[in-house]
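Residue numbers (this note's numbering): 9 to 164.
No residue lacks a Cβ here, since even glycine has one placed at the ideal position from N, Cα and C.
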(Lines of atoms letter the chains of each structure in order from A and count residues from 1; the text may use other names and numbers.)
(Lines give C-alpha, C1' and ligand atoms only; values in the text may rest on other atoms or scores of the structure.)
Protein backbone atom coordinates (compact mmCIF):
# COMPACT_ATOMS: atom_id res chain seq x y z
CA UNK A 1 0.00 0.00 0.00
CA UNK A 2 1.50 3.32 -1.04
CA UNK A 3 0.01 5.31 1.82
CA UNK A 4 0.31 3.83 5.29
CA UNK A 5 -2.03 6.21 7.04
CA UNK A 6 -4.27 4.15 9.24
CA UNK A 7 -7.39 6.10 8.27
CA UNK A 8 -6.76 5.38 4.59
CA UNK A 9 -6.30 1.71 5.38
CA UNK A 10 -9.58 1.70 7.32
CA UNK A 11 -11.38 3.31 4.36
CA UNK A 12 -9.88 0.86 1.88
CA UNK A 13 -10.80 -2.09 4.10
CA UNK A 14 -14.33 -0.70 4.42
CA UNK A 15 -14.63 -0.63 0.62
CA UNK A 16 -13.36 -4.21 0.46
CA UNK A 17 -15.81 -5.33 3.16
CA UNK A 18 -18.66 -3.70 1.24
CA UNK A 19 -17.64 -5.47 -1.98
CA UNK A 20 -17.36 -8.81 -0.15
CA UNK A 21 -20.66 -8.20 1.67
CA UNK A 22 -18.94 -8.76 5.03
CA UNK A 23 -21.59 -7.12 7.22
CA UNK A 24 -19.74 -7.41 10.53
CA UNK A 25 -16.49 -5.92 9.21
CA UNK A 26 -18.37 -3.23 7.26
CA UNK A 27 -20.40 -2.12 10.29
CA UNK A 28 -17.37 -2.19 12.58
CA UNK A 29 -15.19 -0.17 10.22
CA UNK A 30 -17.97 2.37 9.63
CA UNK A 31 -18.32 2.77 13.40
CA UNK A 32 -14.54 3.16 13.77
CA UNK A 33 -14.34 5.78 11.01
CA UNK A 34 -17.27 7.64 12.58
CA UNK A 35 -15.47 7.65 15.95
CA UNK A 36 -12.31 8.97 14.27
CA UNK A 37 -14.33 11.69 12.50
CA UNK A 38 -16.01 12.65 15.79
CA UNK A 39 -12.58 12.97 17.43
CA UNK A 40 -11.39 15.15 14.55
CA UNK A 41 -14.23 17.64 14.93
CA UNK A 42 -14.22 17.62 18.74
CA UNK A 43 -12.82 20.72 20.38
CA UNK A 44 -12.60 24.29 19.17
CA UNK A 45 -11.60 23.66 15.57
CA UNK A 46 -11.58 20.58 13.33
CA UNK A 47 -8.18 19.01 12.76
CA UNK A 48 -6.66 15.88 11.27
CA UNK A 49 -5.66 13.28 13.84
CA UNK A 50 -2.15 11.89 14.04
CA UNK A 51 -1.50 8.17 13.66
CA UNK A 52 -1.17 7.84 17.46
CA UNK A 53 -4.47 9.64 18.03
CA UNK A 54 -6.26 7.36 15.56
CA UNK A 55 -4.77 4.35 17.37
CA UNK A 56 -6.04 5.78 20.67
CA UNK A 57 -9.56 6.08 19.21
CA UNK A 58 -9.41 2.47 17.98
CA UNK A 59 -8.14 1.30 21.39
CA UNK A 60 -11.04 3.10 23.09
CA UNK A 61 -13.58 1.59 20.71
CA UNK A 62 -12.10 -1.91 21.20
CA UNK A 63 -12.32 -1.44 24.97
CA UNK A 64 -15.98 -0.40 24.65
CA UNK A 65 -16.68 -3.60 22.70
CA UNK A 66 -14.88 -5.73 25.32
CA UNK A 67 -16.87 -4.13 28.15
CA UNK A 68 -20.15 -4.49 26.23
CA UNK A 69 -19.38 -8.16 25.54
CA UNK A 70 -18.79 -8.75 29.25
CA UNK A 71 -22.05 -6.98 30.11
CA UNK A 72 -24.03 -8.97 27.54
CA UNK A 73 -22.45 -12.24 28.70
CA UNK A 74 -23.34 -11.38 32.30
CA UNK A 75 -26.93 -10.71 31.25
CA UNK A 76 -27.18 -14.06 29.48
CA UNK A 77 -27.10 -12.57 25.96
CA UNK A 78 -24.42 -14.84 24.49
CA UNK A 79 -25.37 -13.99 20.89
CA UNK A 80 -24.86 -10.26 21.40
CA UNK A 81 -21.70 -10.85 23.47
CA UNK A 82 -20.27 -12.91 20.61
CA UNK A 83 -20.96 -10.10 18.11
CA UNK A 84 -19.27 -7.54 20.39
CA UNK A 85 -16.22 -9.81 20.72
CA UNK A 86 -16.10 -10.20 16.93
CA UNK A 87 -16.20 -6.39 16.53
CA UNK A 88 -13.41 -6.09 19.10
CA UNK A 89 -11.33 -8.58 17.09
CA UNK A 90 -11.79 -6.49 13.94
CA UNK A 91 -10.66 -3.35 15.77
CA UNK A 92 -7.68 -4.96 17.50
CA UNK A 93 -6.42 -6.23 14.14
CA UNK A 94 -5.49 -2.58 13.40
CA UNK A 95 -3.63 -2.07 16.69
CA UNK A 96 0.09 -2.78 17.17
CA UNK A 97 1.01 -6.07 18.84
CA UNK A 98 1.04 -5.86 22.63
CA UNK A 99 4.17 -6.53 24.68
CA UNK A 100 4.29 -10.02 26.14
CA UNK A 101 4.01 -10.40 29.92
CA UNK A 102 7.74 -11.20 30.10
CA UNK A 103 8.70 -8.14 28.06
CA UNK A 104 6.49 -5.92 30.19
CA UNK A 105 7.89 -7.37 33.43
CA UNK A 106 11.47 -6.78 32.23
CA UNK A 107 10.76 -3.21 31.12
CA UNK A 108 9.03 -2.33 34.39
CA UNK A 109 11.75 -4.05 36.49
CA UNK A 110 14.38 -1.96 34.71
CA UNK A 111 12.56 1.29 35.50
CA UNK A 112 11.75 0.23 39.09
CA UNK A 113 15.48 -0.39 39.63
CA UNK A 114 16.29 3.02 38.13
CA UNK A 115 13.72 4.69 40.41
CA UNK A 116 15.11 2.84 43.45
CA UNK A 117 18.65 3.99 42.63
CA UNK A 118 17.29 7.55 42.49
CA UNK A 119 15.83 7.09 45.98
CA UNK A 120 12.22 6.49 44.98
CA UNK A 121 10.61 3.36 46.36
CA UNK A 122 7.15 2.02 47.08
CA UNK A 123 4.04 3.84 45.95
CA UNK A 124 5.92 7.13 45.68
CA UNK A 125 7.79 5.75 42.67
CA UNK A 126 4.59 4.86 40.78
CA UNK A 127 4.41 8.09 38.78
CA UNK A 128 8.11 8.09 37.97
CA UNK A 129 8.07 4.48 36.77
CA UNK A 130 4.86 4.95 34.76
CA UNK A 131 6.29 8.12 33.21
CA UNK A 132 9.48 6.31 32.20
CA UNK A 133 7.85 3.14 30.85
CA UNK A 134 5.00 4.77 28.89
CA UNK A 135 7.19 6.45 26.22
CA UNK A 136 9.34 3.32 25.84
CA UNK A 137 6.36 0.97 25.48
CA UNK A 138 4.19 3.36 23.48
CA UNK A 139 1.03 1.82 22.07
CA UNK A 140 2.31 -1.68 22.77
CA UNK A 141 0.89 -1.80 26.27
CA UNK A 142 -2.50 -1.00 27.73
CA UNK A 143 -2.36 1.61 30.50
CA UNK A 144 -4.31 -0.52 32.99
CA UNK A 145 -2.07 -3.52 32.36
CA UNK A 146 1.04 -1.34 32.78
CA UNK A 147 -0.26 0.20 36.01
CA UNK A 148 -1.06 -3.24 37.45
CA UNK A 149 2.46 -4.51 36.69
CA UNK A 150 4.11 -1.39 38.14
CA UNK A 151 1.97 -1.69 41.28
CA UNK A 152 2.82 -5.38 41.62
CA UNK A 153 6.56 -4.79 41.33
CA UNK A 154 6.59 -1.80 43.66
CA UNK A 155 4.72 -3.74 46.35
CA UNK A 156 6.83 -6.89 45.96
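Presumed contact (8 Å Cβ cut-off) between residue 137 and residue 120, rounded CB distance: 6 Å
Test item: CB-CB of residue 17 and residue 25 under 7 Å: no
Three-pair Cβ contact test at 8 Å for the region 43–50 versus the region 60–77: yes
Contiguous alpha helix (DSSP H) assignments of at least 4 residues, all confined to the region 72–135: 86–100 and 109–125
Contact under 7 Å by Cβ, residue 56 with residue 76: no
Contact check, residue 176 vs residue 122, beta carbons under 7 Å: The structure shown does not extend to residue 176, since the chain is modelled only from 9 through 164, so no value can be given for it.
Cβ shell of residue 88 (< 7 Å), same chain only, five flanking positions each side left out: 80
Buried versus exposed call for residue 66 [16 or more other C-beta atoms within 10 Å across all chains shown]: buried
Own chain residues within Cβ distance below 8 Å of residue 2, not counting five before or after: Lying outside 9 to 164, the shown extent of the chain, residue 2 is not represented and no answer is given.
Residue 94 vs residue 32 beta-carbon contact at 7 Å: yes
Burial state of residue 140, where buried means 16 or more other Cβ atoms lie within 10 Å: buried
Coil, strand or helix - residue 63 by DSSP: helix
Of the residues 151, 23 and 114, the one placed nearest residue 161, counting alpha carbons only: 114
DSSP three-state assignment for residue 149, whether helix, strand or coil: coil
Distance between beta carbons of residue 107 and residue 145, contact taken as under 8 Å: 6 Å
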